[in-house]
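Numbering (our numbering), first residue to last: 41 to 640. Idealized CB from N, CA, C, for every residue including glycine. Predicted model, so just to flag it, every value in this text is computed and none were measured. Comments concern the structure below.
Right, dumping it as structure tokens:
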């Protein structure tokens, strides 16, 4: 008899090796960020100022007049051609495509995406697209991580880690927010929080941020002055802002996908859709030039309270409309920066309006703009924690934490109530790919085998006849019918094998009823131990293609102490469901209170 004590292959991850690769991915993401910034600068200068320069400039100060309406259309046509004849994966802001690669494609992204996504985004943004560079950098960084994972022999889980490292590093390299980059990758892509992924992810984002410092300079993307958050006096106003941010998150998500639906109804080739969206952008940009381009400088101005109320309201409305029309048309560009601008304008405008309407209110528009900027996107993307940290990393002001938390969770609660899917996963849900975005401990990892195993399973004996055991089953002995297999013991009560009902039927059909049980039993056993988790036991079942395991003592692997079948495993899940759904009446607590009162 051979007993398999392990039942599974070596599962240790090559952490040191993965960390080296993560550093390489982080370096690549930092370089990609630098290249994309320069490409955006080049195309902006060529399109709006007719000069050859890589300087990162805003298109809002162009002197093209009506020609400025046509510039985005040209960019839209180029992107449409690239999407049709290159790859459709360049459409949109990129993060849903990265999630899709993780969930259904074993974290594999094609090299074509790594090249065409940043190029198409640079063209779209450089010709006036109201997008940020962060989405394309996140997707491209993820593509680089995936490509490295495809070039080197590794598991799909390891490749997923590298993809997430690239995406998180892209976020960190864009905004100089390494902690937020880590959390965003965990919340949106990794679907786990383990040392095997967390360590490489931190390394990747740290290297990407350091690379950004060398190539683009230190400090955050947005430069803000000191802010007075005054949570003690302004808490009620922050609550109201949280409600407004939640409503804004719902409107952003629903409007974006409604716009996409309208483009889907157009009776023309999708190649032309980005140009149509760009025409709407051009018209808006002609009257309000600040909607053109990434708008990082405009966001900084809002966060420093440089704009009056009327301009904030114009940016809130028309930046949002320009974003929906452009991104909904299927062009290429990031979603974060335009939503940041619109939501920061919302927060700043709210503070100014309150100050005008309520005597004695002395809200700081810059503080409310910063809090709203993180809350709206965090709620829409269901990554509230990431954007609480993101906003804090921008200010480095600890006083921002409480307002960010308060407004963030209120807006998130509203978005969860009215949005079935996040702005990141709605597109995937429409394709039939549903993302479970909440994390909890696996009950199979928490439950030891001894808690659910059958401690008194029906047994078979080595010298017992096949006919004798078959008679027990035929007589409808419940104890034997409830199991599909029976541990086999010898005359010394030692475990020597396991026999299934299928083995018995086969023996009866072959007129072998007179054989001993040991002659038809399987003696190459896979066993479980009482102190190991159900997760490890189920892994043994799956890897060895068996549906039940004899449970033995670790010190004596021939001493049978129980039986683990599929029903036992499911009972652990049932217990978890009952704990989550069964409401206890608190009778014991009330009884304890009454006894205490009597004693007193």
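I need the boundaries of the alpha helix (DSSP H) containing residue i, first residue and last residue.
{"i": "residue 336", "result": "336–343"}
{"i": "residue 121", "result": "107–125"}
{"i": "residue 286", "result": "271–304"}
{"i": "residue 308", "result": "It is not in any alpha helix (DSSP H) - residue 308 carries neither H nor E in the DSSP assignment."}
{"i": "residue 236", "result": "235–256"}
{"i": "residue 575", "result": "574–584"}
{"i": "residue 467", "result": "466–470"}
{"i": "residue 489", "result": "489–492"}
{"i": "residue 482", "result": "Taken as a continuous stretch (DSSP letters only), residue 482 belongs to no alpha helix (DSSP H), as it is neither H nor E."}
Quick check: is the beta carbon of residue i nearer than 7 angstroms to any beta carbon in chain D?
{"i": "residue 482", "result": "Absent from the structure is chain D; it holds one protein chain and no more."}
For residue i, does the three-state DSSP call read helix, strand or coil?
{"i": "residue 48", "result": "Residue placement at residue 48 cannot be trusted, given a pLDDT of 39 that sits under 50; what the coordinates show is reported in the next sentence. Here residue 48 sits in coil by DSSP."}
{"i": "residue 97", "result": "coil"}
{"i": "residue 358", "result": "helix"}
{"i": "residue 78", "result": "helix"}
{"i": "residue 540", "result": "strand"}
{"i": "residue 565", "result": "strand"}
{"i": "residue 603", "result": "strand"}
{"i": "residue 42", "result": "In this prediction, residue 42 has a pLDDT of 47, which is less than 50 and means its spatial position is unreliable; what the coordinates show is noted afterwards. Residue 42: strand per DSSP, three-state reduction."}
{"i": "residue 185", "result": "helix"}
{"i": "residue 259", "result": "coil"}
{"i": "residue 451", "result": "helix"}
{"i": "residue 147", "result": "coil"}
{"i": "residue 535", "result": "strand"}
{"i": "residue 216", "result": "coil"}
{"i": "residue 168", "result": "coil"}
{"i": "residue 265", "result": "coil"}
{"i": "residue 322", "result": "helix"}
{"i": "residue 129", "result": "helix"}
{"i": "residue 157", "result": "helix"}
{"i": "residue 193", "result": "coil"}
{"i": "residue 460", "result": "coil"}
{"i": "residue 555", "result": "coil"}
{"i": "residue 207", "result": "helix"}
{"i": "residue 369", "result": "coil"}
{"i": "residue 640", "result": "Confidence at residue 640 is low in this model, with a pLDDT of 49, below 50, so the placement of that residue should be treated as unreliable; the coordinate-derived value is given next. Residue state, collapsed to three classes: coil."}
{"i": "residue 597", "result": "coil"}
{"i": "residue 85", "result": "helix"}
Residues in the same chain with beta-carbon distance under 8 angstroms from residue i, minus the five sequence neighbours each way, listed in chain order, please.
{"i": "residue 428", "result": "414, 418, 441, 444, 445, 448"}
{"i": "residue 488", "result": "570, 571, 572, 573, 574"}
{"i": "residue 87", "result": "99, 111, 114, 115, 166, 167, 168"}
Report whether the distance from the Cβ of residue i to the nearest heavy atom of the ligand MN is below 6 angstroms.
{"i": "residue 202", "result": "For the structure depicted, the ligand MN is absent and the ligand set is empty, with no information on it obtainable."}
Using the Cβ count rule (16 or more neighbours within 10 Å means buried), how would you classify residue i?
{"i": "residue 179", "result": "buried"}
{"i": "residue 123", "result": "buried"}
{"i": "residue 128", "result": "exposed"}
{"i": "residue 622", "result": "exposed"}
{"i": "residue 223", "result": "buried"}
{"i": "residue 174", "result": "buried"}
{"i": "residue 457", "result": "exposed"}
{"i": "residue 470", "result": "exposed"}
{"i": "residue 142", "result": "buried"}
{"i": "residue 298", "result": "exposed"}
{"i": "residue 571", "result": "exposed"}
{"i": "residue 496", "result": "exposed"}
{"i": "residue 346", "result": "exposed"}
{"i": "residue 54", "result": "exposed"}
{"i": "residue 532", "result": "exposed"}
{"i": "residue 137", "result": "buried"}
{"i": "residue 157", "result": "buried"}
{"i": "residue 307", "result": "exposed"}
{"i": "residue 103", "result": "exposed"}
{"i": "residue 56", "result": "exposed"}
{"i": "residue 200", "result": "buried"}
{"i": "residue 276", "result": "exposed"}
What are the boundary residues of the beta strand (DSSP E) that residue i is part of?
{"i": "residue 590", "result": "588–592"}
Please list, in chain order, all residues of the same chain as residue i whose beta carbon is under 6 angstroms from its beta carbon, the five residues on each side excluded.
{"i": "residue 507", "result": "553"}
{"i": "residue 500", "result": "509, 526, 528, 539, 557"}
{"i": "residue 278", "result": "443, 446, 447"}
{"i": "residue 434", "result": "260, 262"}
{"i": "residue 372", "result": "119, 130, 160, 161, 164"}
{"i": "residue 66", "result": "209, 244, 247, 248"}
Give me, in chain order, the residues of the same chain whose beta-carbon lies closer than 7 angstroms to that of residue i; leave out the 5 immediate sequence neighbours on both sides.
{"i": "residue 162", "result": "76, 79, 80, 83"}
{"i": "residue 140", "result": "468, 473"}
{"i": "residue 330", "result": "100, 338, 355"}
{"i": "residue 586", "result": "566"}
{"i": "residue 50", "result": "For residue 50, the predicted structure reports a pLDDT of 42, less than 50, and the residue's modelled location is therefore unreliable. The matter cannot be settled from this model."}
Counting only runs of 3+ residues fully inside the stretch 495–533, write out the beta strand (DSSP E) ranges in chain order.
Runs of the beta strand (DSSP E) inside the stretch 495–533: 525–529.
At 4 residues or longer, what runs of the alpha helix (DSSP H) sit wholly inside the stretch 372–441?
Within the stretch 372–441, the complete alpha helix (DSSP H) runs of at least 4 residues are 376–397, 405–421, 424–435.
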